[in-house]
Every structure is written in structure tokens, then in C-alpha cells.
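Numbering (this note's numbering), first residue to last: 12 to 149. C-beta: ideal position from N, C-alpha, C; glycine also. A quick write-up on the structure given underneath.
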Amino acid sequence: AENFRVLVKQKKASFEEASNQLINHIEQFLDTNETPYFMKSIDCIRAFREEAIKFSEEQRFNNFLKALREKVEIKQLNHFWEIVVQDGITLITKEEASGSSVTAEEAKKFLAPKDKPSGDTAAVFEEGGDVDDLLDMI
12 AENFRVLVKQ KKASFEEASN QLINHIEQFL DTNETPYFMK SIDCIRAFRE EAIKFSEEQR
72 FNNFLKALRE KVEIKQLNHF WEIVVQDGIT LITKEEASGS SVTAEEAKKF LAPKDKPSGD
132 TAAVFEEGGD VDDLLDMI
């Protein structure tokens, strides 16, 4: 994470190059499937987010975070994503950076668990049972 910050500050590499290197490291850390490496990944993601805001590269970070979430789901690294959620690392909002189109609400929803059957669905099934009971009475 520190090397990334130094690279982008000194402009020895373009933000794109430096962020691609960082993304590769994050993916390597996740491939280990070990908690100490997850923490390193979190540090890298935090650094990426902070520097993306400074360099007006919020879209690059947001695209990365969306892709990361998909990879985490595919690789079933739910415990890693829980750390991301606990740390509140989410999409960069338009309140944080003018180049973003993400609202605070969208950023909050992004961290929410993927759609699971809600209580409303269960209520519909329960209502169906009531109708069956009425039909039985006839």
C-alpha cells in the first residue's frame, strides 16, 4: 500500500499502471485465502480509495470494487467481504468526488448483502396458507 502511494505521488508510474499493480497484489493476497493477507488487501484497498479521490480516479476505483465483489462471490470469500463491510469500504460517492455518479444511498446499498428472500416474500406464502384454510372450510 505504501509503495502504491509513493508511486502515484512521485508520478513514476501513471495512476493506471500503479493501480493495476496494486490490483494484482490484492488478487494474489486473496488467492492465499488467509486472514493476514486479507488484512494486507484491506490496507491496499483503502490506499487505492484514498489516492483515487486525490487523483480524480474515482471511476477506476468504483469499477475495481464492483469487480472485486463479483470475484469474492465467485471464489466464495465471504469472510473477506465481511471485513470490507465492517471497515465501511464502499464506492466513492459524488459527495466525496465530483467525478463520481454514485449517491450515498447507492454506496450504502452496495455493502448490503445481495438480495436474499425478504420477509415480504415469506408473508405472501403465509397469506397463501390462509386462503387454503378458507377453502378447506367450504
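- With respect to the 8 Å criterion, I103 and S112 are not classified as neighbours on the basis of their beta carbons.
- Taking the CA atoms as reference points, S52 sits about 22 Å from Q21.
- Around E106, the same chain offers A115 as residues with beta carbons nearer than 7 Å, after the five sequence neighbours per side are excluded.
- In this structure, E38 is the residue among E45, S30 and E38 with its C-alpha nearest to the C-alpha of R80.
- Taking 8 Å as the cut-off, the Cβ atoms of F75 and I34 count as close.
- Just so you know, the alpha carbons of E69 and E93 end up roughly 22 Å apart.
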